[in-house]
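To keep things clear, I will list the structure first and then write my remarks on it.
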Amino acid sequence: MTNPKEFSAFLASRRTTRDFLPTPIDASVIEELITDGLTAPSWSNTRPFMVAVASGEVRERISADMMRRAVVLTGFRVGSLADKIKFLLTPKAWPISDFSMLKPYPVELQPRARKVGKELYGLIGVPRGDKQAREAQWMKNYQFFGAPVELFVFVHKDLGVFAANDAGLFSENLMLSAHARGLGTCAQGAAALWADAIHREFKVPKGYKLLYGIAVGYASDALINTFGADRLPASEITMQQA
Ligand SMILES: Cc1cc2nc3c(=O)[nH]c(=O)nc-3n(C[C@H](O)[C@H](O)[C@H](O)COP(=O)(O)O)c2cc1C
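If you count the sequence shown from 1, you need to add 7 to reach my numbering.
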């Protein structure tokens with residue numbers, strides 16, 4: 008039996024890492040993390056997800072490819088007219104994720120997203136209106152924040168939301184297992200913009216769609232890693248009786 012207080016404290020002490028040391032991670036450790044991930048519950052025990060483990064040269068190639076595209080995409084967002092035209096003429100840079108990420112958040116959830124953005128950028132000294140600096144931070148997603156390993160989590164499209172749910176349960180177990188080993192992680196929706204970059208390097212089975220990436224590595228002592236995103240009280244997500 009695990010001491011519940013210690014367990015709660017362990018859960019609470021996991022924080023997203025956004026700056027990693029280059030220290031390599033042994034393939035056997037990644038296998039242990041995946042094995043722990045697979046102890047999570049799953050719809051009819053189907054495990055409707057797969058992982059592409061990118062390290063070494065594969066990781067470098069994917070990161071370089073994504074960075075090239077991210078630079079062009081950033082040009083469209085905050086650059087000159089010439090940058091916008093370049094983006095329009097560069098279809099490879101168009102954000103064509105397997106699952107749409109471009110919808111605005113539901114109105115009632117927007118304050119939470121705004122709060123975490125404001126607080127994170129505030130901590131690292133990026134002024135509110137400084138779009139270039141914000142983009143520069145966003146682009147670090149495509150260097151996987153320096154992590155030596157990036158996991159790309161794919162889900163079977165035919166199980167719909169249940170596949171994404173199971174991938175989430177798997178991923179949280181995996182991230183907690185990493186945390187228990189002193190490793191940091193960052194789930195990265197941003198890493199799912201260009202699935203073809205992964206298809207070029209891995210044999211992705213038919214029907215599997217890219218959901219997100221997870222950066223894994225040892226956390227540096229950079230200021231950004233001290234960030235503690237707001238955690239809601241249970242009452243805020245607990246429904247009132249009718
Ligand atoms: C599915 C998913 C995708 C995420 N995508 C990104 C991302 O692209 N870049 C990033 O810096 N953080 C990303 N995050 C991290 C969240 O911002 C973070 O989990 C949240 O702010 C709560 O902070 P905590 O993990 O430290 O508790 C993602 C988290 C999840 C679960």
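A virtual CB, placed ideally from N, CA and C, is assigned to each residue, including glycine.
Just so you know, these numbers come straight off a predicted model, no measurement behind them.
H163 counts as buried, since at least 16 other C-beta atoms from the protein chains shown sit within 10 angstroms of its C-beta. Between the alpha carbons of L218 and F177 lies a gap of roughly 13 angstroms.
By the Cβ-count criterion, I244 is exposed, with fewer than 16 other Cβ atoms from all chains shown falling within 10 Å of its own Cβ.
At least one heavy atom of ligand 1 lies less than 7 angstroms from the C-beta of R22.
If you look at E38, you'll find it in the alpha helix (DSSP H) that goes 34–44. Take the alpha-carbon of T23 and the one of Q195: they are about 10 angstroms apart.
Within the DSSP secondary-structure output, F27 pairs in a beta bridge with A226. With the rule of 3 Cβ pairs closer than 8 angstroms, the segment 123–130 does not count as touching the segment 165–172. Within the chosen limit of 7 angstroms, ligand 1 does not reach the beta carbon of V58 with any heavy atom.
Annotated three-state conformation of S15 is helix, per DSSP. With a cutoff of 8 angstroms on beta-carbon distance, F161 and V211 are scored as near each other. Secondary structure note for L109: it is in no alpha helix (DSSP H), with a DSSP letter that is neither H nor E. Between ligand 1 and the CB of Q195, the shortest heavy atom gap is smaller than 7 angstroms. Straight across, the Cα-Cα distance linking A226 with G153 is about 10 angstroms. Taking the C-beta atoms as reference points, V223 is found nearer than 8 angstroms to L190. At a threshold of 7 angstroms, Y219 counts as near ligand 1, since its beta carbon sits closer than that to one of the ligand's heavy atoms.
Counting only runs of at least 3 residues, the segment 99–169 fully encloses the following beta strand (DSSP E) elements, listed from N- to C-terminal order: 156–163. Bridge partners of S62 according to DSSP: V156. Membership of A89 in the alpha helix (DSSP H) is indicated by the continuous run 88–95. In the three-state reduction of the DSSP assignment, L239 falls in the coil class. Counting along the chain, the unbroken beta strand (DSSP E) around A194 starts and ends at 191–195. Here DSSP, grouped into helix, strand and coil, assigns M246 to coil. Inclusion of A16 and D105 in the CB contact set at 8 angstroms is not warranted, their separation being larger than that value. Contact annotation, Y149 with A77: C-beta distance approximately 5 angstroms; criterion of less than 8 angstroms satisfied.
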